[in-house]
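Take a look at the structure below.
Protein chains: 2
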Amino acid sequence: MTNKINITLSATKKEKPNADQLEFGRTFTDHMFIMDYSAAKGWYDPRIVPYEPISLSPSTMVFHYGQTVFEGLKAYRSSEDKVLLFRPDKNMHRLNLSNDRLCIPQIDEEFVIEALKELVSIDKEWIPTAEGTSLYIRPFIIPTEYYLGVAPSKYYRFMIILSPVGSYYKEGIHPVKIFVENQYVRAVDGGTGKAKTGGNYASSLKAQEEAEKRGYSQVLWLDGVEKKYIEEVGSMNIFFKINGEVITPSLNGSILEGVTRNSILHLLKHWNVPVSERKLSMEDVYNAYKEGLLEEAFGTGTAAVISPIGELFYNEENIVLNNGETGELTKKLYDTLTGIQTGNHEDVFNWVVEVN
Amino acid sequence: MTNKINITLSATKKEKPNADQLEFGRTFTDHMFIMDYSAAKGWYDPRIVPYEPISLSPSTMVFHYGQTVFEGLKAYRSSEDKVLLFRPDKNMHRLNLSNDRLCIPQIDEEFVIEALKELVSIDKEWIPTAEGTSLYIRPFIIPTEYYLGVAPSKYYRFMIILSPVGSYYKEGIHPVKIFVENQYVRAVDGGTGKAKTGGNYASSLKAQEEAEKRGYSQVLWLDGVEKKYIEEVGSMNIFFKINGEVITPSLNGSILEGVTRNSILHLLKHWNVPVSERKLSMEDVYNAYKEGLLEEAFGTGTAAVISPIGELFYNEENIVLNNGETGELTKKLYDTLTGIQTGNHEDVFNWVVEVN
Ligand SMILES: Cc1ncc(COP(=O)(O)O)c(C=O)c1O
Ligand SMILES: Cc1ncc(COP(=O)(O)O)c(C=O)c1O
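In order, the protein sequence lines correspond to chains A and C.
Note that full-length UniProt numbering has the first sequence beginning at 1, numbered continuously upward.
Note that full-length UniProt numbering has the second sequence beginning at 1, numbered continuously upward.
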């Protein structure tokens, strides 16, 4: 593959939404990045083109066998008008791990980060500036062979699209209510849980829908084998602070390794807060609660960065955390991490990458 | 919804492939059936149109979260030139079960069978006539909302496409070699195993690829919890004949209820062959083999109808069945079932539906 990106600029520019009307994932910028794959050519024809519909035969594999992977990260505009990305190398590396699990050919991580920077730079006027807003970046790969056989596709398309998104917390950070799922299972060791692939999200919809009907915003998944051990929340990893120690489930093969999770672990160690990654049962959390030792809990993910957990519904009982308010450590982590991401806080770990 | 199907015939007809060049799922007929869904209108605008690419925004949910379902059945041309479908009601009912698991709105099963008949009748010249050939019918549903949030789509498209397919066994029915999977897991209770959704197939590719490298044509899945109990093969259910009794794993929530499986159970009962659906461990099968009681094994599914199993690789050991040859009962089931499907054998159970 030649690494030259062909650029075709859009003749017209779309109107940008008002900052206060921004929703997640509904508006897209003027351009997108595309490259295609065939066994003969490898990844070829990298190009930035106007954002527009793509045309596919009804027999295209993406419509049938779910062989897809994706990523999600954000670009921020700093107070000095710099465009900042947060650890894009982690996302592109994870994309390749997902590719491996789904039998999709590897991408050149460095080249794709260059492509992403180029695209963001072309559409940088789309990055909102109000507090808490950002440009959501969605790289994804779909199988494009026209074939109904169950086999890895011989052709693929890699795309990056961009969407300006509003603040996750319209009225400031506030705790969410979580339903501990006891019937449905998201993933199991030997399955696709640690890959970011469509099927994991499709299988989660039913549990999510039922939890919402009962007034909970997300589901906490337990392991698929014993339905005892804590895995993760909808699209977040989870942390508990119990008796001064912060605990998050270890990477057991069925949960996603979140970039935010990894960053939180680094920050906590840097602050000398006792922290461990280990197998943690819901029963342990419940017992800690009963003993008055369950201090804080929060979810971590690109969309909300940190989501304080105010309530957990488990075994027909409500576990209320920190009186339903955002914990002190949770708040400090949120402020520090969003500070680093937006260029307002010292970037101790060199996580931030500037787009020129 | 009005049940009137709008028909737009193709101005040109594509060339039909020669019977001996037919592959599975690569060639499609001149027309397809489409209908769309929105909450306000329900399923609307049912139409038969020329087979052609569809155009979708890159943010369309189908590219991201795998909320898809599909079915697979066949139309045969009888020696009297009748067009026959095999138990289409079972497939459309299963589609609705899949819809339920994936939070997709229910379809009107009877109407969709009518639409399918209409489509097959328009493209009936595409049904090949040579022995073992048929017209493969692929109904499927994709989410069409333009949105990156993880939630059930608010819009869907239902499509039916048709593909003439060759004989599964080019040189007559012959046994396959199966690898008993001990690392990867396809599905688990509480997951999506009993639904026909893309993610189940995406997650199976890796194990399939590794088995093929070792010379096996398919993978036999064990349960995701203990990795002990037999589930199903790639895209087939499985049966074992042990000491005169035919056994197939029971519908435990993580395997697909095959239409062929169901038909085989009916036939065996009709013939007074001892048959049971129950939990069966791979250890039980291995012990039966060691005692010389493992008589036959076969997979069942729409593509191959019946696939005799000649060899199972388990725990670094080769279990050879019936000297690697097609068993007597396996052959009788294959002949009877394909006979019924093609109108050459008495249709005792009224399974066959004629397209006029
Ligand atoms: C299943 C799942 N777990 C965890 C996360 C958090 O990962 P990250 O922090 O990289 O956004 C996400 C979101 O990407 C996710 O989809
Ligand atoms: C996973 C799986 N199991 C079993 C089957 C067999 O089902 P049927 O006999 O309805 O084709 C299929 C094929 O449809 C399948 O995909």
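Built from N, CA and C at the ideal position, the CB exists for glycine as well.
Remember, predicted model here, so these are calculated numbers, not experimental data.
The region 168–204 of chain C contains, as complete alpha helix (DSSP H) runs of 4+ residues, the segments 198–202 (chain order). Per DSSP, C:Ile107 lies in no beta strand (DSSP E) segment and is marked neither H nor E.
Looking at C:Gly327, C:Arg26, C:Lys194, C:Pro88, the one whose alpha-carbon comes closest to that of C:Val69 is C:Lys194. In this structure C:Tyr76 is not in contact with C:Thr300, their Cβ atoms being roughly 17 Å apart against a cut-off of 8 Å. Membership of C:Gly339 in the alpha helix (DSSP H) is indicated by the continuous run 328–341. Taking the Cβ atoms as the reference, C:Tyr147 lies roughly 28 Å from C:Ser204, outside the contact range of under 8 Å. For C:Ser276, the secondary structure class from DSSP, reduced to helix, strand or coil, is strand. Remark: the C-beta of C:Thr197 is outside contact range of ligand 1, defined as less than 6 Å to any heavy atom. At least one beta carbon of chain A lies nearer than 7 Å to the beta carbon of C:His64.
Between ligand 1 and the CB of A:Thr248, the shortest heavy atom gap is not smaller than 6 Å. DSSP places C:Arg47 within a strand segment (E or B) once states are collapsed to three. Just so you know, the alpha carbons of A:Tyr286 and A:Ile319 end up roughly 8 Å apart. Within the DSSP bridge table, the entry for A:Ile113 names no partner. Proximity of the beta carbon of C:Gly25 to ligand 1 is not indicated: no heavy atom of the ligand is located closer than 6 Å.
The C-alpha of C:Glu232 is placed about 41 Å away from the C-alpha of A:Ile306. Taken through DSSP and simplified to helix, strand or coil, A:Ser98 comes out as helix. C:Leu135 and C:Tyr156 have their C-alpha atoms some 26 Å from each other. Check the Cα spacing between C:Thr338 and each of C:Lys154, C:Leu85, C:Val273: the tightest is with C:Leu85.
Of A:Ile137, A:Asn237, A:Ala151, A:Lys177, the smallest CA-CA separation from A:Met159 is found for A:Ile137. Leaving aside the five residues that flank C:Ile141 on each side, the residues in its chain whose CB is nearer than 6 Å to its CB run, in chain order, Val69, Ile104, Tyr156, Phe158. Note on geometry: alpha-carbon atoms of C:Asn18 and C:Ile7 lie some 28 Å from one another. For C:Asp20, there is no enclosing alpha helix (DSSP H), as DSSP marks it with neither H nor E. Every beta strand (DSSP E) stretch that sits fully inside the region 193–274 of chain C and reaches 3 residues is listed by chain position as 218–222, 230–233, 237–242, 245–248. In this chain, the beta strand (DSSP E) harbouring A:Met32 covers 31–38.
For C:Asn318, the enclosing beta strand (DSSP E) begins and ends at 317–320. Neighbourhood of C:Val225 in chain A, by CB distance below 7 Å: Val225, in chain order.
In terms of beta-carbon proximity, A:Ala202 lines the interface with chain C, with at least one pair separated by less than 7 Å.
Remark: fewer than three beta-carbon pairs, one from each stretch, lie closer than 8 Å, so the region 345–356 of chain A and the region 94–112 of chain C are not flagged as touching. Two segments are said to touch when three or more pairs of C-beta atoms, one from each, lie closer than 8 Å; by this definition the region 207–222 of chain A touches the region 176–184 of chain A.
Remark: C-beta atoms of A:Leu294 and A:Ile242 approach each other more closely than 7 Å.
Between the C-alpha atoms of A:Arg26 and A:Asn3 there is a straight-line separation of about 31 Å.
As a beta-bridge residue in DSSP terms, A:Thr300 pairs with A:Asn237, A:Ile306. By alpha-carbon distance to C:Phe313, the top candidate from C:Gln21, C:Thr197, C:Glu212, C:Thr260 is C:Glu212. Using a cutoff of 6 Å, the CB of A:Leu256 counts as near ligand 1, since one of the ligand's heavy atoms is closer than that. For the region 90–117 of chain A, residues whose beta-carbon sits nearer than 7 Å to a beta-carbon of chain C comprise Arg101, Leu102, Cys103.
For A:Val259, the shortest C-beta to heavy atom distance toward ligand 1 is below 6 Å.
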